[in-house]
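Numbering (the working numbering), first residue to last: 30 to 780.
Just so it is clear, CB atoms sit at the ideal spot from N, CA and C, and this is done for glycine as well.
Structure first, commentary second.
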């Protein structure tokens, strides 16, 4: 509802409570409300100030004629001209400011300054030439009445200017003007009467104006409220009409006296009423006669229709359905009374629902091997003939039976066994207990048939049961179960054989390592033995010469040189043999125990390559290791050693099988991020065929089946990386461009 910004503050109070809203000066107590009120009256106030200022300036300047007639053109007249000129300037400035200002507070200030300026100029003329006492008193009286009654200004500024006039006149009279005592009494009376009449007149004018303003505001607010209420009522009626027309059901409203109030568009469509046949205000009898004359519902008579209406009104029948002959639709009528005794009739097109019911009955008959719906009391509401046939019933006979009665009939006819150990038969007696919203149960009859029963509880509390014959499926499941058990036994045997082959491959790798290391260690040991034998012969010769006193200085010098060289050769070869044995012991121990320990992965890589030196030396291929110094790893070095060994041997067997130019293998160890280790194994061999690349990690897959390949090398690598190291391995290759294996695993396996 539209209201003025302060209409709620200006609602007229009771007469006894007027002081709550208005002050002693006749203005509003709330300064904000007073300012808003005065701002609303800005234009009338501006016009009044312009008129008062123009009248005061004109009168003040016209007094020059009187001044000339009284004083001539002497020095006194020149003083009067100066004062009147100031008054003219002040008046013009006052007119300019009043015309330009749009703020009520500034306008009040200008009005107060204008009154004070006029009073000051008047006092200046009195000081130039004292007026008669009667004239001075009349002028003061007129000033006070004008200030109080005509100038539209706030009460405080008006009282301030009135006080200025009164005090200024009193001071001038006492100090400057020579008035007698009787004249002073007259001046005082003029001042007292002027202030009294002016104040009470100003207060009364302000009160009346504000009361009228409040009354006008209240009248305007009430008028707006009534207008909005009428508009709201019209809109509500329109919305109700629109809402009724938008309903998918027909609605007819009747007054308590039986006359028509409203018939919505859907009701007219369902009853096929021509436009203008029935209007608001017509009797309901007119509608009944129209329907009977057209025979909309066959041969039904008006008395029969009144009978059905009376039953609906008494609540004997909730809904009545009838076929509408002109349209062929089945309409459902529902009648109800409203709180004001009006009657509401709803009309629903039930054609689709009745057709749906027919289709539902047909669907029920073909739904699986049985379909039934139990109501909230566990009694059959809908039943298919196939479901009922199991119990020797028809669908019509089954409808209305309870679940317990149906199960008992199944026992009596021998459909189900009473043996509690027969779980399939016992499941039939546990159906329809509604403990869970949906479930599926398998039941078995004495004839050996299996049925899958699917139960679901609907939101309305009904229980829908669908029964399907699964005898053939159960036979197939039994066959599949036996085949699965046989396959699982074969898989266990296969996994055992696979484990044996993997262990054999692992031991063969370790045996190859032992054979290579034996050959490698025999060379430095043989050189050491030869050097020792040569040194022993030299010692024997030196001993013979010493005993025969034939030892010469040159012989001793030669022996020392020979002994030194032999010692150096023995020390170097024995050191090499010891280093080979130590590396072999560490690698062999790691591969056999596979314990978790902290080790330098770069140094361990070199130990592995040292153990593979015999195989690499025979093949003339080169291995290059790139690893950061002091990169410590807590993992299983045995698994890592076997992974690198298998990759190197796989490259020697497959990548460089042509025996041509010497190949190269690069092993790069990096730390891609904190806590992860990446090993890149790359060669420049023949590569892997594109068709074989997805199968390189499969067990028993090999391209060297006839030349000793088992197909378990890379499969072992894959298992060690994924299961022992807890990492991942990927392979990429192009034929003729080599192969790349990328291994990524955690730096600390214990974490």
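State the Cα-Cα distance for the pair residue 485 and residue 318, rounded to the nearest angstrom.
When rounded, the distance between both Cα atoms is 50 Å.
Short of 6 Å in beta carbon distance, which residues of its chain neighbour residue 274, apart from the five on each side in sequence? Order them along the chain.
Result list for residue 274: 293, 294, in chain order.
With residue 142 and residue 75 assumed to form a contact (beta carbons below 8 Å), what rounded beta-carbon distance in angstroms separates them?
Separation of the CB atoms of residue 142 and residue 75 is rounded to 15 Å, and the pair is thereby denied contact status at 8 Å.
Quickly, what does DSSP pair residue 469 with across the bridge? List them, please.
DSSP lists 483 as partners of residue 469.
Note the first and the last residue of the continuous beta strand (DSSP E) segment covering residue 761.
757–762 is the extent of the beta strand (DSSP E) around residue 761.
Inter-residue CB distance, residue 625 and residue 751 (contact presumed, cutoff 8 Å):
With 8 Å as the limit, residue 625 and residue 751 do not qualify as a contact, their Cβ atoms being about 17 Å apart.
Would you kindly work out how many angstroms separate the C-alpha atoms of residue 760 and residue 558, rounded to a whole number?
Taking the straight line joining both Cα atoms gives about 48 Å.
Report the rounded CA-to-CA distance for residue 735 versus residue 744, giving the unit in angstroms.
Its pLDDT being 48, under 50, residue 735 is placed unreliably in this model, and the value from its coordinates should be taken loosely. Rounded to the nearest whole angstrom, the C-alpha separation of residue 735 and residue 744 is 19 Å.
Determine whether the beta carbon atoms of residue 676 and residue 710 lie at a separation below 7 Å.
If you check the CB distance, residue 676 and residue 710 come in under 7 Å.
Roughly how many angstroms separate the alpha carbons of residue 156 and residue 55, rounded to a whole number?
About 36 Å.
Return helix, strand or coil for residue 129, following the three-state DSSP convention.
In the structure shown, residue 129 sits in a helix (DSSP, three-state: H, G or I).
State the Cα-Cα distance for the pair residue 777 and residue 653, rounded to the nearest angstrom.
About 25 Å.
Taking the alpha helix (DSSP H) that residue 775 belongs to, which residues open and close that run?
Annotation for residue 775: no alpha helix (DSSP H) segment contains it, though the beta strand (DSSP E) segment containing it runs 768–775.
Nonlocal neighbours in the same chain, by C-beta distance under 6 Å from residue 113, ignoring five residues either side
Annotation for residue 113: 90, 93 place their beta carbon closer than 6 Å to its own, counting only its chain and skipping 5 residues before and after.
In the structure shown, what three-state DSSP assignment does residue 707 receive?
Strand at residue 707.
Use the C-beta contact count for residue 712: other C-beta atoms within 10 angstroms, 16 or more gives buried, fewer gives exposed.
By the neighbour-count rule (16 or more Cβ atoms within 10 Å), residue 712 is buried.
Where does residue 34 fall in DSSP's three states?
Below a pLDDT of 50, predicted positions are generally treated as unreliable, and residue 34, at 44, falls in that range; the measurement from the model is reported next regardless. Reduced to three states, the DSSP call for residue 34 is coil.
Opening and closing residue of the beta strand (DSSP E) in which residue 361 lies
Under the DSSP assignment, residue 361 falls in the beta strand (DSSP E) whose first and last residues are 358–366.
Every unbroken beta strand (DSSP E) within the stretch 275–332, with a cutoff of 3 residues, ordered by chain
With a minimum length of 3 residues, the continuous beta strand (DSSP E) runs that stay inside the stretch 275–332 are 279–283, 289–292.
Secondary structure of residue 683, DSSP reduced to three states:
In the three-state reduction of the DSSP assignment, residue 683 falls in the helix class, which pools H, G and I.
Taking the alpha carbon of residue 720 as the point to measure from, which residue in 272, 702, 678, 763 has its own alpha carbon closest?
Nearest Cα to residue 720 within the set 272, 702, 678, 763: 763.
Beta-carbon contacts of residue 64 that lie in its chain and below 8 Å, excluding the five residues immediately before and after:
Cβ neighbours of residue 64 beyond the five flanking positions: 133, 134.
Report the residue from 225, 443, 406, 445 whose alpha carbon sits nearest the alpha carbon of residue 430.
The shortest C-alpha separation from residue 430 is found at 406.
Alpha carbon to alpha carbon, how far is residue 511 from residue 517?
Straight-line spacing of the CA atoms in residue 511 and residue 517 works out to 10 Å.
Per DSSP, the bridge partner or partners of residue 665:
Partner(s): none; residue 665 has no beta bridge.
Considering just the uninterrupted stretch of the beta strand (DSSP E) at residue 69, what are its terminal residues?
Not the beta strand (DSSP E): residue 69 falls in the alpha helix (DSSP H), residues 60–69.
Skipping 5 residues on each side, what residues in its chain have a beta carbon closer than 7 Å to that of residue 423?
Closer than 7 Å at Cβ, skipping near neighbours: 414, 417.
Local conformation of residue 370 per DSSP, three classes
Judged by DSSP in its simplified three-state form, residue 370 adopts coil rather than helix or strand.
Once DSSP output is grouped into helix, strand and coil, what is the label at residue 654?
Strand.
Three-way DSSP call (helix, strand, coil) for residue 47 in this model
Three-state result, residue 47: helix.
Quick check on the DSSP output: what are the complete alpha helix (DSSP H) runs of length 4 or more inside the stretch 140–191, in order along the chain?
Counting only runs of 4 or more, we get 162–178.
Just the Cα atoms here: how many angstroms apart are residue 507 and residue 500?
Per the coordinates, the alpha-carbon of residue 507 lies some 11 Å from the alpha-carbon of residue 500.
Start and end residues, beta strand (DSSP E) containing residue 492:
Boundaries of the beta strand (DSSP E) harbouring residue 492: 492–498, taken from the DSSP string.
Could one say the Cβ of residue 497 lies closer than 7 Å to chain B's Cβ atoms, at least one of them?
In summary, chain B is missing from the structure at hand, where a single protein chain is found.
Close-in-space but distant-in-sequence residues of the same chain around residue 48 (CB under 6 Å, 5 per side omitted)
Excluding positions up to five away in sequence, the list is empty.
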